[in-house]
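Reading the sequence shown from the start, the letters are residues -23 to -1, 1 to 299 in mature numbering (1 follows the signal peptide of the UniProt record, and there is no 0).
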Amino acid sequence: MSVAPRTHFLLFLISLSSRMGLSRYIEDIEAADGLYSLLSLDQKRDSEDFIFRRPLRCLDMLATDGSYTFVASRPQLACAAFIIAEPSEVISLELSDVNIDCSAGDFIKMFDGWVLKGEKFPSKQDHELPLHQRYTDYCSSPATGATSRSSQNVAMIFFRLHSADSGFTLAIKKLHNPFPCNIMSQSPEGSFTMVLPHQRKNCSFSIIYPVEIRLTDLSLGHAKSNELNPQRQLWSGCSGSGDYVELLGGNGVDTSMMFPVAALCFSLSGLAQVKIGCDNSVVRLVSSGNYINRVSFQYRLLEQSELPKTQENALDNFCSVE
């Protein structure tokens, strides 16, 4: 029996955050609310004037525009909130009513992407900014450190407060992104098209589920053939081409640390499909900037009976999936 999509998504975050030392702070979520209250993220605006408001938890996951206020009832030394939007959106964050003591070691930091288990999404190879520029530290410069905008549909905030009654308010607003790149999918099924028009960059579409990926169209400016082969046969040729698509699998979020499943450096007009039985499945488009490159794909959640067995598709079963 398949795990409900949002439950799987949250459990993935919790399992990874537990490995980086946040699991002990799950208890900060009130028992009356319960862990799965984090799944109630579908509140919608009733009108343009309505602003959704609720308290912010020490460990939280946010997917709705609104205002979130945190007030410490006791010292909170390792808190984090993960924020996610739709694939075609970026996230604007703004702090207000900040009441913390930076000199005592309090801090609030916003991050352009996600950090889990020491891994970062997007990876440093795929993000246009150097790592230090992806952090916005309120204590370093309160005047300029109160706002941040993500480069993709995920962002997060870290904070540490030593005194009771310290706190702040976080405003979240999602904005349209005409050229989405480096996307974290909230859903285990759907379809998407990534386009890189003469841009030298890498774009990843990350699906935090074991899924079947069907490539329906691939257009690479230099490519003439039509072929899908296992990664081991095509890796050297594709990586040297400068323009290619690779399919990755793994149980973390950093694409540079994931396992290569297949690589395509040929234009594709037919249907090609691969099953990836990992917690995280990724379609990654690499572009030299010399061409207009495009990849279209569909994806769906694998049933338990469909999870890859050893040597299926001539690939090692490198992900441990129960």
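Ideal Cβ positions, reconstructed from N, Cα and C, are used throughout, including at glycine.
So for residue i, helix, strand or coil by DSSP?
i           : result
N203        : Note that N203 scores a pLDDT of 46, beneath 50, so its modelled location is shaky; the value from the coordinates is reported in the next line. DSSP places N203 in coil when its eight states are reduced to three.
C215        : helix
D78         : coil
M235        : coil
E66         : strand
E71         : strand
V260        : strand
S282        : helix
K101        : coil
I134        : strand
C296        : coil
residue 312 : The question about residue 312 has no answer here: the residues shown for the chain are numbered -23 through 299.
L241        : strand
When the Cα of residue i is compared with those of the options, which residue comes out closest?
i           : options                   : result
A249        : Y276, F236, N267 and F47  : Y276
H104        : V222, C180, G229 and L224 : C180
residue 303 : N76, G229, M161 and C79   : Not covered by the structure: residue 303. The range shown for the chain is -23 to 299.
V260        : F236, L279, E280 and G266 : F236
H175        : G219, G167 and S80        : G219
D194        : S183, V172, M87 and V67   : V172
A55         : I85, S183, V222 and E166  : I85
G266        : M234, I185 and K178       : K178
S118        : S80, R191 and S168        : S80
S164        : N257, C116 and C215       : N257
N154        : A62, G226 and N270        : A62
I184        : V222, F47, P64 and Q281   : P64
At which residues does the beta strand (DSSP E) containing residue i begin and terminate?
i           : result
M161        : I160 to S162
Q275        : I269 to L278
E96         : E96 to F98
C116        : No beta strand (DSSP E) holds C116; DSSP gives it neither H nor E.
E105        : From DSSP, E105 is part of no beta strand (DSSP E); its letter is neither H nor E.
T121        : Looking at the DSSP string, T121 is not in any beta strand (DSSP E), and its letter there is neither H nor E.
residue 308 : This structure does not reach residue 308, given that the chain is present from -23 up to 299, and the question cannot be answered.
N228        : Segment: none, N228 is in no beta strand (DSSP E) and carries neither H nor E.
residue 308 : In the structure as shown, the chain begins at -23 and stops at 299. Residue 308 is therefore absent and cannot be evaluated.
D194        : V188 to S196
A49         : From DSSP, A49 is part of no beta strand (DSSP E); its letter is neither H nor E.
F29         : Counting along the chain, F29 falls outside any beta strand (DSSP E), and DSSP gives it neither H nor E.
S168        : G167 to P174
Q250        : A249 to I253
Return the bridge partner residues of residue i from the DSSP annotation.
i    : result
S37  : For the record, residue 37 in the displayed sequence is Asp; it is not Ser. Its beta-bridge partners are A58.
H153 : E66
A141 : Looking at the DSSP assignment, A141 forms no beta bridge with any residue, so it has no partner.
G43  : I149
Compute the distance between the beta-carbons of residue i and residue j, then report whether it is under 8 Å.
i           : j    : result
S44         : I60  : no
F135        : A57  : yes
C255        : C296 : yes
L279        : K252 : yes
S128        : V67  : yes
A132        : M161 : no
L138        : D89  : no
S244        : L192 : no
residue 301 : T146 : An answer regarding residue 301 cannot be provided, because it is not within the stretch -23 to 299 covered by the chain.
G144        : N76  : yes
I149        : D37  : no
S140        : P52  : yes
V222        : L262 : yes
Is residue i a contact residue of the ligand ATP, with contact defined as CB to any heavy atom under 7 Å?
i    : result
K178 : The model depicted lacks the ligand ATP and carries no ligand whatsoever.
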